[in-house]
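Going line by line, the protein sequences match chains Y and E.
Residue numbering for the first sequence follows the working numbering, beginning at 785 and increasing consecutively.
Residue numbering for the second sequence follows the working numbering, beginning at 7 and increasing consecutively.
Glycine included, every Cβ here is placed at the ideal spot set by N, Cα and C.
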Amino acid sequence: MTAALPISLEVNGESVNANVLPRLNLADFLREHLKLTGTHVGCEHGVCGACTVRVNGEIVRSCLMLAVQTHGASVVTIEGLSDSGEIADLQAAFRDRNALQCGFCTPGMLIAAQDLLKQETEPNRERIREHLSGNYCRCTGYQAIIDAVETTALARMGRKP
Amino acid sequence: MKVASTNPDGLTVLDRPNSYIGKVVPRPNLERLMQGRGLYVSDMELPRMAHVVFLRSPHAHARIIAIDAAEARRMPDVIAVVTGKELAAVVTPWVGVLSHLKGLKSAPQHAIAIDRVCWQGEAVAAVVATSRAVAEDAAETVRVEYQELDAVTDMRTALDPETPVIHPSLGDNLAFERNLDAGAVDAAFASSDEVVEADFIFGRHTGVTLESRAVVADWNIAEQRLTIYQGTQAPHMVQNIAALHLGLADSQVRVVCKDVGGSFGIKVHIYADEMATYALSKLLRRPVKFVADRVESFNTDIHARDHRCKGRIGVNRDGTITAFEIDDLTGIGPYSMYPRTSAIEANQVVNLVGGPYMTKNYRARARVVFQNKNVMCQYRAVGHPIACSVTEGLVDLAASKIGMDPVEIRRRNLIADDAYPCASPSGLRFELLSHHAAMNKLMTMMDYDALRAEQATLRRKNVHRGIGIASFIEVTNPSAAFYGVGGARISSQDGVAVRLDATGSVICQTSITEQGQGSESLTAQIVGSVLGVSMERVRVILGDTDHTPYGGGTWASRGAGIGGEAALQAAKILRKNILDVAAAILQSSPADLDIVNDAIVSAVDGSSRIDLKELSRIVYFRPDTLPPGIQPELMATRHFVPREYPFAFTNGVQASWLEVDVDTGFVKLLRHWVVEDCGTIINPQLVDEQIRGGVVQGLGAALFEKCIYDERGQLTNANMADYLVPMSGEMPDIDVGHVVSPTSESELGAKGAGEAGTAGAAAAVANAVNDALKPFGAIITEIPLTPQVILTALGRI
């Protein structure tokens, strides 16, 4: 075990300084050190997508990134994304469509969906299904999630679904 | 739809003004989960909390010769290393049997293995440290010397004389056997025009809750109380079992259940490592947290559905099904799971095969055997997918044999909608089902004839699409017949307490639990509707044995039907009590008053008389102004359990439309339809989403999910990359329709809906694949339908 290393980064707009072991992954850093428990750990090897966060504007699986790799980076978690209001419409669509049951996949799902909606203004259902295929949901069967993302995309273009 | 009313006010909950029943309303408190501000057990931290990591056996069957943990114990921040023998001083072993499953046997199981490990993944030592990382580092230094023993892995040879007996004290590897012989099966087969047989094989799979199992146990030595924070479906069951084996009174154990990251039956059991965590907290006098990692989840979360079932069906040329016969074999691992036992699944298969159909001739044998694999037990739709796949697979084979359309043969054999009440050959009592109405609705929804025409056209272009139909019945609203009669202290009744607080808001405590199904929402909808209070004013408290009435929890599709009825009855009493007080305040009669939109109104003209807030203010702060002799009671509690029928059966039918790539063996799901009848629908959106989620779990079993063991009992795909679950890109849109036949056992009339989707999805897909492959003469009766299975059946590999 090597010694802790100092890192400085921005998390949800706040500057954070910490000393972390090189082996600590970003998910555990966010959850255990910063108590941002909205980032969930489902599989711990990059498959399920529950730990998805945004690093420097790109979505990453925080279980596959080391905390030390975020030195100098800007990290946004579901808490930050909620507080900024950036995904308020998407969250409302999830609520209205009951696109979450247990809610464990939801933070990662919302971040991944917002990533798609930022890249593409008019994704069709197949495209939404494809983009979210790296985010497992065991409760909903996905259809309600696809509906909610589709509704949000259309609403952002000023159209009703 | 009309429900007979015992409501003295003359209005049923269904036709009251502003009723929430039958309406789509968003679930309360979703914001918390969507903002990542929920509280799952894995998020919890307590002062002085330690973390436990279990060292687990790499062998399927081995004797433990020695454990050397000296180095681990010396490591900084390691609090303790505890072996099975040491922990046994704090927690007693258990045997997973119930008396109503006659002949069921199992061996004593310890929280941590003592002399011998019986499956790969069984815990052999607990390492407790100030952090999980430290505990994992320390666990790596613990040396365990094993003497490997022969592993029993193949259920087909588990009962052979030359196979070692896993628990010699039991005499053999047979855990349970049930035989049933109803009607005149031999005579029916002998006189049938055709008899068709098939062997059905099911992949062992598991629930893969996205949040793994997690526990924080907190023994307070001074209070002499253990608080268990656990994502469980049955808090009172956990309370009872923990107390029983830790030598405590139930009242010394509090179980708290906050947000739960998926359950599906995986979290309705009590696992050895959870029991060990409770015991460690008691032993070490501090909070101890256990969170399974994903490898542990695959190796220790209960598995299910590992069955091989021989089936036979007799049929006449006019389509009449004359008899069903099955011989089912299932391997459950080395122990019957505790406390619900591992015989229920096979027992359900025997109960349910042939269930939708009229024939009275049915013979069944089910054998449940021990193996050195992870334990099997109840997972969503227990036994239903097996029974449905066997039944519906046989019906399709029979139809094919006599050249009849699969829908037509079902129409000729499904129990008539006007034949109720009636009973199945296995003794199941049906109050009111709607197989034909459901089938008719399905035909319209899917436009069956057009789809058949499309299929024929595409077939000429070498595109191979198939239609699969599966009718099913589902056990819901279980009475004490499920567990209580067998001696398990698992409550079949649920209770709800409702009170009007000092500001006119309503607080409702219920013994059912929430894991995302919408228990909180349906409770608030019912209470709000009955009281005439807006849902925003109703707060629902669940999942705390100190603060809710005693009850079963949420499993076996029972939350809405049982907990919902308790909520309805409690709210009715509170409503009456409120109106009594209102009448006293207003110098009126309760019969002349009603509660609508958070206010007492005139029952005659709807005019507002007094706001509930004002009524509450008077009751709580100025009772001196009430007429003499009035003692308001603004809290009411009611419990409910079905008594007339052991189970409220529901029914439905599913259809799958898919395409098989005969070159690659890949299956593309194009569309899926479900029509089901869960009685009164409290919230259509919640019901539909339960159905859809259930279907997708069934589709996973049909196409992807399998725990792959090698011949030495090693689970070879214990991670999410190798164990495949459905992804959004592979799943179809699912159309859901309903027929509504309320149960008259309750005023609410609701039956369960949580397992219907899972019950029939795999059967529909398997039938569709066989339908698609008809031109090739290939018949597959095995799931998951992987490319390898399909290409093998096609003779291409």
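Please state whether DSSP places D256(E) in a helix, a strand or coil.
helix
Might you give, ordered along the chain, the residues of its own chain that have their beta carbon closer than 6 Å to the beta carbon of T786(Y), omitting 5 neighbours on each side?
P806
For a contact meaning CB atoms closer than 7 Å, what does T215(E) contact in chain Y?
R922
Could you check the C-alpha separation between I606(E) and R292(E) for me, to the nearest Å?
51 Å
Taking the alpha-carbon positions, what's the R266(E) to G522(E) distance?
For the sequence presented, residue 266(E) should be read as Val rather than Arg. Taking the straight line joining both Cα atoms gives about 8 Å.
Just to confirm the assignment: which complete alpha helix (DSSP H) runs, minimum length 4, are found wholly within the region 856-882 of chain Y?
862-868, 872-880
How far does the beta strand (DSSP E) with L793(Y) in it extend, from its first residue to its last?
789-795
Counterpart residues of A68(E) in DSSP-defined beta bridges
V123(E), E154(E)
Going by beta-carbon coordinates alone, are V262(E) and Q245(E) separated by less than 8 Å?
no
Whole angstroms is fine: what's the gap from M81(E)'s alpha carbon to H67(E)'s?
30 Å
What three-state label does DSSP hand G317(E) in the structure shown?
strand
Please name the residue, chosen from G763(E), A589(E), V97(E), that lies closest to A282(E) on a Cα-to-Cα basis.
V97(E)
Starting from F296(E), follow the beta strand (DSSP E) in both directions and report where the run begins and ends.
294-297
Helix or strand or just coil, what does DSSP make of N689(E)?
coil
Neighbour list for D667(E) in chain Y, Cβ cutoff strictly below 9 Å:
Per Cβ cutoff of 9 Å: no residues; D667(E) is ~18 Å from chain Y at best.
Whole-number beta carbon distance between L358(E) and I479(E), since they are thought to touch under 8 Å
7 Å
Indicate whether at least one CB of chain Y lies closer than 8 Å to the CB of R43(E).
yes
Mind listing which residues of the region 714-741 of chain E have their C-beta closer than 9 Å to chain Y's C-betas, in chain order?
N725, M726, A727, V731, P732, M733, S734, G735, E736, M737, P738, D739, I740
Using the C-alpha atoms, what's the distance from H915(Y) back to E816(Y)?
29 Å
Against R913(Y), what residues of chain E qualify as contacts under a CB-to-CB distance less than 9 Å, listed in chain order?
M733, S734, G735, E736, M737
A770(E) and S662(E) closer than 8 Å at C-beta
yes
Determine, using beta carbons only, whether K273(E) and Y46(E) come nearer to each other than 8 Å.
no
Opening and closing residue of the beta strand (DSSP E) in which C514(E) lies:
512-516
Can you name the residues of chain Y whose CB is closer than 9 Å to the CB of E761(E)?
Ordered by position in chain Y, no residue passes the 9 Å Cβ test against E761(E), which lies about 13 Å from the chain.
Residues in the region 682-697 of chain E with C-beta within 8 Å of chain Y's C-beta atoms, listed in sequence order?
Q691, L692, E695
Establish whether the CB of E863(Y) and some CB of chain E are separated by less than 8 Å.
yes
Check the Cβ of R33(E) against every Cβ in chain Y and list those closer than 7 Å, keeping chain order.
N882
Is the region 202-218 of chain E touching the region 307-318 of chain E, taking contact as three or more C-beta pairs under 8 Å?
yes
Just to confirm my understanding: we take V294(E), look at its own chain, exclude 5 residues before and 5 after, and list those with CB closer than 6 Å. What are they?
A56, V58, A223, T283, L286, S287
M641(E) - partner residues in DSSP beta bridges
R505(E)
Measuring only between beta-carbons, confirm whether D299(E) sits less than 8 Å from chain Y.
yes
Taking Cβ-Cβ distances shorter than 8 Å, what residues in chain E pair up with A928(Y)?
E695, R698
Excluding the 5 residues flanking H65(E) on each side, which residues of the same chain have their C-beta closer than 7 Å to its C-beta?
V123, Q126, Y152, E154
Roughly how many angstroms lie between the CA atoms of T560(E) and P781(E), to the nearest whole one?
46 Å
Looking only at C-alpha atoms, which of A393(E), S750(E), C514(E) sits nearest to M541(E)?
C514(E)
Counting only runs that start and end within the region 38-83 of chain E, where is the beta strand (DSSP E) found for 3 or more residues in a row?
56-62, 68-74
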